[in-house]
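Visitor: Protein sequences, first through last, are from chains A and B. Under the working numbering, the first sequence has 323 at position 323, and the numbering climbs by one with no breaks. Quick note, the working numbering runs 1000 ahead of the 1-based positions in the second sequence. Dropping the structure in here first, questions after.
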Amino acid sequence: MYLSRDEEAVLSGKHGESAQKAMELVVALGKIYNAENLVDITSAHISGASYKTIGDGGLKYLEDVSKDAKVKVTSTLNPLGMDRERWKEMRISPEFAKKQLRIIELYGKMGVRTSCTCTPYLGGNVPKFGEHAAWAESSALSFVNSYIGARTNREGGPGALAAAIIGKTANYGLHLEKNRAPAVIIDADIGNTLFDHSLLGQAVGKRIGSAIPYYRNIRPDIEAAKTMAAAMAAAGSVAMFHVEGVTPEHSRYDVSGLETIHIGKKELKDARESLNTADDIQLLAFGCPHLTVREITEMAAFLKDKKKRRNDVDIWFCTSSEVRSRCPDQVKILERFGPVLADTCMVVAPIESNYQRTGTNSAKAGNYLPTLCSQRVMCDDFAKLMELVI
Amino acid sequence: MIVRGRSISKGKARGTVLRLKGAFSFLGGVDGATGELRVEDGGNVSDRILVFPMGKGSTVGSFTMYDLKVHGKQPAAVINSTAETIVATGAVISSIPMVDSVDVGLLRNGDDVTVDGNDGTIEIHNVRPVRCVSSVVYVDGKILMLRRPDSASSFPGVWSLVAGKVEGNESTDDAAKREIYEETGLRVSSHSASLGPIFVRENDVIWEVHPYLFVHNVSDVKLNKENVEHLWVSPDEMERMNTVTSTVLAVRELISKLIP
Chain A
1 MYLSRDEEAV LSGKHGESAQ KAMELVVALG KIYNAENLVD ITSAHISGAS
51 YKTIGDGGLK YLEDVSKDAK VKVTSTLNPL GMDRERWKEM RISPEFAKKQ
101 LRIIELYGKM GVRTSCTCTP YLGGNVPKFG EHAAWAESSA LSFVNSYIGA
151 RTNREGGPGA LAAAIIGKTA NYGLHLEKNR APAVIIDADI GNTLFDHSLL
201 GQAVGKRIGS AIPYYRNIRP DIEAAKTMAA AMAAAGSVAM FHVEGVTPEH
251 SRYDVSGLET IHIGKKELKD ARESLNTADD IQLLAFGCPH LTVREITEMA
301 AFLKDKKKRR NDVDIWFCTS SEVRSRCPDQ VKILERFGPV LADTCMVVAP
351 IESNYQRTGT NSAKAGNYLP TLCSQRVMCD DFAKLMELVI
Chain B
1001 MIVRGRSISK GKARGTVLRL KGAFSFLGGV DGATGELRVE DGGNVSDRIL
1051 VFPMGKGSTV GSFTMYDLKV HGKQPAAVIN STAETIVATG AVISSIPMVD
1101 SVDVGLLRNG DDVTVDGNDG TIEIHNVRPV RCVSSVVYVD GKILMLRRPD
1151 SASSFPGVWS LVAGKVEGNE STDDAAKREI YEETGLRVSS HSASLGPIFV
1201 RENDVIWEVH PYLFVHNVSD VKLNKENVEH LWVSPDEMER MNTVTSTVLA
1251 VRELISKLIP
């Protein structure tokens, strides 16, 4: 791999040990994927923020790397294992909370913004069209590749942090124009709800694995695109998608001659059935990915004149602290049903200590709740799930 | 013997090989505090040269490697056939030397190995390399196969191509022609196809095998004492015989080179 004189200097340790280690990691990953050189990045988004997912090994790593490392570009962090103020309501243990707070402190020390969300592109970390970035968090990176036209691969947590520290990442995969072309056409015949789009992502991810799809006959708004991107990345490992007439790069490529896959009501029904393993629930959790202002507003409108009847079911609404602070009136309505938690979610919080059956309207959560949280899952539309408790 | 691979994580270490057969996930595969394996036949990764084909599983596995390092239970070095992100990340952040692009089939449990992550090589101290040639003699679409005596010191009783060691300063091409003449009495002219060397492990020897193919027109064979039997077989028939896997693969590739 070609390295400039400045990059060689970092690699030889002239800019400190943490920068050297970060460069070693970026170069090693570049070698694996046959990158020819490095590119400058403008933004990073780092996963590995929840104590539940990174454990003591991750915490010790952050203790060590934060001794002399500082990020060079705008960097944000994925959701935590708890709301940093309301963790007692989530029945988190004090020991977990102590380690979680330490993790945030260490990232903060390195200059990473500690508003912790899987939707940083809604504000706070918005790379521009054509810019290179190093993002972990599969749903977010797919969104910025597809809807913004920024360029990032599927980074792991340490890789994204290393890229943020040196301000560069290895130039391969989706950083290169030729690798952003669609490989398959998805002819979608689905309804217009958010949940339909989540199931569409689920069906497509399962079907195409890591390929780049080109959608026809849908016009997903931000919320629909967010849940679709998340489902595709969880059911498969899709890191980018095009939507005809919608996404900024869709017209750059010739799609004639590509295979077409039809996804209709039957495929959606199959996708939904594959995710449903529970016939009752102890927890209802919404906000995977984190709720937007618009989603919170719609949920509040739906719940305004209703009452929660079942006391044996907890309800969580998960969003970013930034979004929560922007719609206080709607948040008040939701709080009658359950806490509006900031900067955490049901997948990365240790819910398995208190619950065995969880309901969600997110196919992404439907994929991860059984494996990461030992849950049986009920996966359905928001209104249908709420009808069980109101 | 030194085997060239690719540097993934810097540093140099010597130790005893612990070889895992399948793709390996550090998360769930090993206890981060003790180094005890939870897969295959168990054992402890601490201070060993950990050898496996490639990594798999959750990205948290990188932090499990760091956890091992924190507890002083990390492997001395890692060797993979093909590195992927999780193990490479774990090795770099934990300062564990790592080399990939090495045929892990050449390594055995208990081998004494130095891994040099700076120049991307490994040295296996308890084996010696032996250069040899292995030739397809190809007459009318048939391959000449020779069977080694049951008393032979290497590969006893196995069907093989016309093979032997390279002697002194002779070229591998000359060695191939000499072996064919000695073992079969056939005098072949220049070769029609050849491949880069293939490495085969047998006890304390790694054979560096140079494959050749000679198209010939005489099939009248006179065996010397090195072999007990000969057969002319089609490529398909050869694949069903008791022979070394790498021989089958080499023959396929040599014949494919012949037909443009």
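The beta carbon of each residue, even a glycine, is placed where N, CA and C say it ideally should be.
1. Any beta carbon from chain B within less than 7 angstroms of L25 (chain A)'s own beta carbon?
2. I want to verify the contact list: residues of chain E whose CB lies under 9 angstroms from the CB of E1084 (chain B), in sequence order.
3. So is L1020 (chain B) buried or exposed if we call it buried at 16+ other beta carbons inside 10 Å?
4. Helix, strand or coil for N145 (chain A) per DSSP?
5. Within the same chain, show all residues whose beta-carbon is closer than 6 angstroms to that of V1139 (chain B), passing over the 5 residues directly before and after it, in chain order.
6. Between which two residues does the alpha helix (DSSP H) holding G1061 (chain B) run?
7. Determine, using beta carbons only, whether V1070 (chain B) comes closer than 7 angstroms to chain A.
8. For W1159 (chain B), list the residues DSSP reports as bridge partners.
9. What runs of the alpha helix (DSSP H), each 4 residues or longer, lie entirely inside the segment 1209–1260 of chain B?
10. DSSP has M346 (chain A) in a bridge; who is on the other side?
11. Would you report the Cα separation of G394 (chain A) and H175 (chain A), rounded to the nearest angstrom?
12. List, in order along the chain, the chain B residues whose C-beta lies closer than 7 angstroms to that of A225 (chain A)?
13. From R1128 (chain B) to V1003 (chain B), what does the alpha carbon distance come to, in whole angstroms?
14. Could you spell out where the beta strand (DSSP E) holding D314 (chain A) opens and where it closes?
15. Taking the alpha carbon of K102 (chain A) as the reference point, which residue from A:A49, A:A140 and A:L141 has its own alpha carbon closest?
16. Judging by CA-CA distance, which residue of A:E89, A:S18, A:Y33 and A:G108 is the nearest neighbour of D64 (chain A)?
17. What is the rounded straight-line gap between the Cα of S1190 (chain B) and the Cα of T1172 (chain B)?
18. Starting from P1129 (chain B), follow the beta strand (DSSP E) in both directions and report where the run begins and ends.
19. Anyone know if the C-beta pair for E1179 (chain B) and P1197 (chain B) falls short of 7 angstroms?
20. State the Cα-Cα distance for the pair A35 (chain A) and Y172 (chain A), rounded to the nearest angstrom.
21. Output needed in chain order: residues of the segment 31–64 of chain A with a Cβ under 9 angstroms from some Cβ in chain B.
22. Can you tell which of B:R1131, B:L1037 and B:P1075 has the C-alpha that lies nearest to the C-alpha of F1199 (chain B)?
23. Report the start-end ranges of each beta strand (DSSP E) in the segment 59–103 of chain A that is 3 residues or longer and not cut off at the edges.
24. Contact between the segment 270–290 of chain A and the segment 247–261 of chain A: three or more CB pairs below 8 angstroms?
25. Identify the residues that DSSP records as bridge partners of H408 (chain A): which are they?
26. For chain A, find out if any of its Cβ atoms is closer than 7 angstroms to the Cβ of I1096 (chain B); answer yes or no.
27. Which of helix, strand or coil does DSSP assign to T1172 (chain B)?
28. Can you pull the chain B neighbours of P158 (chain A), defined as C-beta to C-beta under 7 angstroms?
29. Counting only C-beta atoms, is A28 (chain A) closer than 7 angstroms to chain B at any point?
30. With C-beta atoms as the reference, is P1097 (chain B) less than 7 angstroms away from A1077 (chain B)?
31. For N361 (chain A), does the three-state DSSP call read helix, strand or coil?
32. Is it true that the CB of P127 (chain A) sits closer than 7 angstroms to the CB of V144 (chain A)?
33. Closer than 8 angstroms between beta carbons: that is the criterion. Which residues of the segment 1111–1142 of chain B meet it against chain A?
34. Between K226 (chain A) and P289 (chain A), how many whole angstroms is the CB-CB distance? I'm expecting something under 8 angstroms.
35. If you check the beta carbons only, do S1025 (chain B) and G1061 (chain B) fall under 7 angstroms apart?
36. Taking the DSSP output, what are the residues bridged to K168 (chain A)?
Guide: Let me lay it out:
1. yes
2. Absent from the structure is chain E; the protein chains it does hold are A and B.
3. buried
4. helix
5. H1216 and S1219
6. Counting along the chain, the alpha helix (DSSP H) containing G1061 (chain B) begins and ends at G1061 to V1070.
7. yes
8. Paired residue(s): B:R1147.
9. 1235–1239 and 1245–1258
10. According to DSSP, which records beta bridges pairwise, M346 (chain A) is partnered with nothing at all.
11. A query on residue 394 (chain A) cannot be resolved here, the shown segment of chain A reaching from 1 to 390 and no further.
12. Neighbours of A225 (chain A) on chain B: none; closest Cβ ~24 angstroms, over 7 angstroms.
13. R1128 (chain B) and V1003 (chain B) have their C-alpha atoms roughly 11 angstroms apart.
14. D314 to T319
15. According to the sequence displayed, residue 102 (chain A) carries Arg and not Lys. With distances taken between Cα atoms, R102 (chain A) lies closest to A:A49.
16. The candidate whose alpha carbon is nearest that of D64 (chain A) is A:S18.
17. 12 angstroms
18. Run containing P1129 (chain B): R1128 to V1139, per the beta strand (DSSP E) assignment.
19. no
20. 5 angstroms
21. So the close ones are K31, I32, Y33, S47, G48, T53, I54, G55, D56, G57, G58, L59, K60, Y61 and D64.
22. That would be B:R1131, whose Cα lies nearest to the Cα of F1199 (chain B).
23. 74–77
24. no
25. No statement about residue 408 (chain A) is possible, as the shown extent of chain A runs from 1 to 390 and does not include it.
26. Output row for I1096 (chain B): interface = no.
27. helix
28. S1062, T1089 and I1093
29. yes
30. Yes, these two residues count as a Cβ contact at 7 angstroms.
31. coil
32. yes
33. none
34. 5 angstroms
35. yes
36. A:D40
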